[in-house]
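*Asks:*
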Amino acid sequence: MPDNRARYFSAALQVLLLGTFTYYGVKWLMDALDPTKKSRLAAQKQAEQLLKKIGVEGVQLSEYELAIAADLVDPLSMPVEWTQIGGLRETIEEVKETVILPFKQRDIFEGSALLSPPKGVLLYGPPGCGKTMIAKATAKEAGCRFLNLQVSSLTDKWYGESQKLAAAVFSLAVKLQPCIVFIDEIDSFLRARDKNDHEATAMMKAQFMSLWDGLLTDRNCQVIVMGATNRPQDVDKAIMRRMPASFHVGLPDEKQREEILRIILGEENVDNEVFLNLYELACITNGFSGSDLREVCRTAAMSCVRDYLREHSNESNSSLGSDIGSYAALRPITMSDLSNAALRYSTSVAMKS
Numbered sequence: 001m002p003d004n005r006a007r008y009f010s011a012a013l014q015v016l017l018l019g020t021f022t023y024y025g026v027k028w029l030m031d032a033l034d035p036t037k038k039s040r041l042a043a044q045k046q047a048e049q050l051l052k053k054i055g056v057e058g059v060q061l062s063e064y065e066l067a068i069a070a071d072l073v074d075p076l077s078m079p080v081e082w083t084q085i086g087g088l089r090e091t092i093e094e095v096k097e098t099v100i101l102p103f104k105q106r107d108i109f110e111g112s113a114l115l116s117p118p119k120g121v122l123l124y125g126p127p128g129c130g131k132t133m134i135a136k137a138t139a140k141e142a143g144c145r146f147l148n149l150q151v152s153s154l155t156d157k158w159y160g161e162s163q164k165l166a167a168a169v170f171s172l173a174v175k176l177q178p179c180i181v182f183i184d185e186i187d188s189f190l191r192a193r194d195k196n197d198h199e200a201t202a203m204m205k206a207q208f209m210s211l212w213d214g215l216l217t218d219r220n221c222q223v224i225v226m227g228a229t230n231r232p233q234d235v236d237k238a239i240m241r242r243m244p245a246s247f248h249v250g251l252p253d254e255k256q257r258e259e260i261l262r263i264i265l266g267e268e269n270v271d272n273e274v275f276l277n278l279y280e281l282a283c284i285t286n287g288f289s290g291s292d293l294r295e296v297c298r299t300a301a302m303s304c305v306r307d308y309l310r311e312h313s314n315e316s317n318s319s320l321g322s323d324i325g326s327y328a329a330l331r332p333i334t335m336s337d338l339s340n341a342a343l344r345y346s347t348s349v350a351m352k353s
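Each residue of the sequence shown is one higher than the one before, counting from 1 in full-length UniProt numbering.
1. Apart from the five residues just before and just after Q163, which ones in its own chain have a Cβ nearer than 7 angstroms to its Cβ?
2. On the CB-based measure, 16 or more other CB atoms within 10 Å of its CB, does L222 come out buried or exposed?
3. For a cutoff of 7 angstroms on Cβ pairs, would you count Q177 as touching chain D?
4. Out of W212, V181, S152, state which residue places its alpha-carbon closest to the alpha-carbon of T201.
5. Is the CB-CB distance between M209 and L122 below 7 angstroms?
6. Determine contact between the stretch 279-288 and the stretch 324-342, defined as no fewer than three beta-carbon pairs at a distance below 8 angstroms.
7. Which word fits S318, buried or exposed, when buried means at least 16 other C-beta atoms lie within 10 angstroms of its C-beta?
8. So which of M240, S112, V15, A300 has the shortest CA-CA distance to L330?
9. In the DSSP output, which residue or residues are listed as bridge partners for G120?
10. Helix, strand or coil, according to DSSP, for I180 in the structure here?
11. Among all the DSSP beta bridges, which residues are the ones paired with F146?
12. Which residue wins for smallest C-alpha separation from R193, given the options A238, V169, E254, F146?
13. Can you grab the Cα-Cα spacing for the pair L88 / R231, in whole Å?
14. Would you call F170 buried or exposed, if buried means 16 or more other Cβ atoms sit within 10 Å of its Cβ?
15. Beta-carbon within less than 6 angstroms of V296's beta-carbon, same chain only, minus the 5 sequence neighbours each way: which residues are those?
16. With DSSP as the reference, label I68 as helix, strand or coil.
17. So I260 packs on P252, CB below 8 angstroms; how close in whole Å?
18. Can you list, in chain order, the residues of its chain whose CB lies under 7 angstroms from that of E81, leaving out five sequence neighbours each side?
19. Answer yes or no: do A328 and M226 have a C-beta to C-beta separation smaller than 7 angstroms?
20. Can the beta-carbon of L165 be found closer than 7 angstroms to that of Y8?
21. On the premise that L172 lies in contact with A69, defined as a C-beta separation below 8 angstroms, what is that separation, rounded to the nearest angstrom?
22. Which residue comes first and which comes last in the beta strand (DSSP E) that contains A245?
23. From the DSSP output, in three-state form, read off I333 for me.
24. Determine the burial state of I108: buried for a count of at least 16 other Cβ atoms within 10 Å of its Cβ, exposed for fewer.
25. Compute the beta-carbon to beta-carbon distance between P332 and V270, rounded to the nearest angstrom, for a pair I have assumed lies under 8 angstroms.
26. When the Cα atoms are used, what is the spatial distance from G142 to L154?
27. Please classify R191: does DSSP put it in a helix, a strand, or coil?
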């Protein structure tokens, strides 16, 4: 009998050792074969450093929350002010009233369910018109943490992991509240569902919407999901219902383009005639977005650089890498530079439209 007990004990010990060895062996093999492990560890380390930088201490985060936290944006890296956004005065005022005031004046707004801020905000309009700038400026003025969610952060090759990452988005945002979760090009992530969607993708979307509904039922939760798109018709209708506050950020008109140009050129070395004739430039840039206008100004500034290099090329043996001057030595940007740049760039704008 004692011999049998010894044999049973020995067999059980062998099974336990074999199971332990198998578990850690398989785990080691999976880690070794996982091409994303190094990048995930680097992202988690980056997230931990960023959390300390933005003053988040004593908050316990899971592995999945740390992976999502890598998409947090340091407020110091968002030097965006409302004064830097030209031509969108009415939209900005609406955003301030709808989104920012409830964050800054909680005592006034929390007394009524009707006054609670929307849990979803959609900015839609052509590309390059300032949607992302508005989102960043909103987070900055409202004093919110800004989670610039990348769709790639929610994708994982292991079954079920994407749902856990989707859950981590909301659990992290709640722990860091007040927080704005920003999804650029939301139509590519939460587009209209159809029968061709992969099962894992469909489950992740369902999980995302279910957790979003959790925000809607908690009036005291200071988390807002803000999306931006230039194709609102492609966004899932169920998502649109969760974003009741929608703001159109359209192409600027002549007066708005003049305002944008004045902001872009405000700190640049320009000829005196430029600011006297900005409306003329605004008129010949019909259909240009804010980013198009910035590119026009950049192209005009490059004309000054080219002229300077042409003049002084012999002094440096035509070497672009040589130190042949400074920005202060460049001639001012003229109206001619800007007009020529606008005419050249108009072809590109026509192709995009």
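Even glycine gets a Cβ: it sits at the ideal position worked out from N, Cα and C.
All values reported here derive from a predicted model rather than from experimental measurement.
*Replies:* Quick answer:
1. Counting only Cβ-Cβ distances below 7 angstroms, and skipping sequence neighbours, we find M203, M204, Q207.
2. Before going on, a small fix: residue 222 reads as Gln here, not Leu. Under this definition Q222 is a buried residue.
3. Reference to chain D is not applicable here, since this structure consists of a single protein chain.
4. S152
5. no
6. yes
7. With a pLDDT of only 49 at S318, under 50, the local geometry of the prediction cannot be trusted, and no value is derived from it.
8. A300
9. V225
10. strand
11. V73, I180
12. A238
13. 20 angstroms
14. buried
15. Excluding sequence neighbours, V296 sits near A341, A342, Y345.
16. helix
17. 6 angstroms
18. A137
19. In this structure, M226 does not lie closer than 7 angstroms to A328 by Cβ.
20. no
21. 6 angstroms
22. For A245, the enclosing beta strand (DSSP E) begins and ends at 245-248.
23. Here I333 sits in strand by DSSP.
24. exposed
25. 5 angstroms
26. For clarity, residue 142 is Ala in the given sequence; the question names Gly instead. Each residue's alpha carbon lies about 26 angstroms from the other.
27. Of the three classes helix, strand and coil, the one that applies to R191 here is strand, per DSSP.
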